[in-house]
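Read the structure below first, then the notes.
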Amino acid sequence: MPLAPVVALALLYSVVLAQPDRRAAASVTPLRIAAGFGGLVALAFSLGPPLDGWAASDLAAHMLQHVVLLAVAPPLLLLGCVPAVVVSALPAASRQRVTELAGRMARAVRAQPPLYQAAGAIALQTVVLGVWHLPRLYDAAAAGNALHALEHASFLAAGCIFWWCVAGLGTESGPAWAVICLFVASLPATLLGALMTLSTAPWYPYYTTGSAAHALTRQQLAGVVMWGVGGMVYVASAAALFATWLARMEQSTPARAPVEAAR
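Quick note: the sequence shown uses this note's numbering, first residue 217, plus one each step.
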């Protein structure tokens, strides 16, 4: 997949942030800006060289791309307000159409209870993950540029929707529910990674170019990437969210008055 769109996105993000008179840029804090550029770097790492070249012949590298697109880049891009900042740079007519469409979609989702939103996002992410890892479709995507681009775009979109819903769930229902949501969302990727790791035969003919033993070894490594690295992202996010929650609780708890020594 070409790296040019990611470079263009990063340049546009930088240009808008350099104009503080824009409302979308004025509300982005330095921490969010760092997260936004982190998400763009994650996208560039996933879609550009050398990883994209390795992914053409190595299943483990391809699996790492999927983990980054699904679980690493989306939360950073959303935290950095990259979509809102980029949309603010569009011409007025286009910006209004995109804003109205996004607003209608957001209102339709937010009209549902937060737990339903999270459940729908987890279901969408699970379907996208499962369907694209079916052997026939996976091989077809690896062999075709257009289908490969669609595969990666669907991972990124599903990831953004999921993390957006998690943020809403944490705000409306509390961090505890968001932590539970992250744990549940990690299970499909963990299961897929475990199945690939424990399999005794290669799944994907496209990557079986040498011996079957070598293909199986690379597939098991790919399973470890999905199982270990992907699961680690969700666990780390849940731990950070839980720690933030505890810190806020401690700050909001009034300090106890000192107990008088003499009564």
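Note that beta-carbon positions come from the ideal geometry of N, C-alpha and C, so glycine has one too.
Owing to the predicted nature of the structure, the values given are computational and were not obtained by experimental measurement.
Residue i versus residue j: straight-line alpha-carbon distance, rounded
i, j, result
"residue 306", "residue 372", "21 angstroms"
"residue 251", "residue 400", "25 angstroms"
"residue 414", "residue 436", "7 angstroms"
"residue 292", "residue 248", "8 angstroms"
"residue 357", "residue 463", "45 angstroms"
"residue 408", "residue 301", "35 angstroms"
Alpha helix (DSSP H) segment containing residue i, residue limits
i, result
"residue 442", "Segment: none, residue 442 is in no alpha helix (DSSP H) and carries neither H nor E."
"residue 370", "361-388"
"residue 229", "220-233"
"residue 267", "267-271"
Per-residue burial, residue i [other beta carbons within 10 Å of its own, 16 or more giving buried]
i, result
"residue 448", "exposed"
"residue 329", "exposed"
"residue 342", "buried"
"residue 321", "exposed"
"residue 353", "exposed"
"residue 359", "exposed"
Residue closest to residue i, alpha-carbon to alpha-carbon, out of the options
i, options, result
"residue 461", "297, 388, 392, 419", "392"
"residue 290", "416, 278, 379, 405", "379"
"residue 227", "260, 245, 243", "260"
"residue 331", "368, 459, 388, 433", "388"
"residue 297", "316, 255, 283", "255"
"residue 318", "253, 377, 367, 390", "377"
"residue 286", "395, 299, 375, 429", "375"
Secondary structure of residue i, DSSP reduced to three states
i, result
"residue 296", "coil"
"residue 355", "helix"
CB contact check: residue i to chain C, cutoff 9 angstroms
i, result
"residue 221", "Considering every chain present, this structure includes no chain C. It has just one protein chain."
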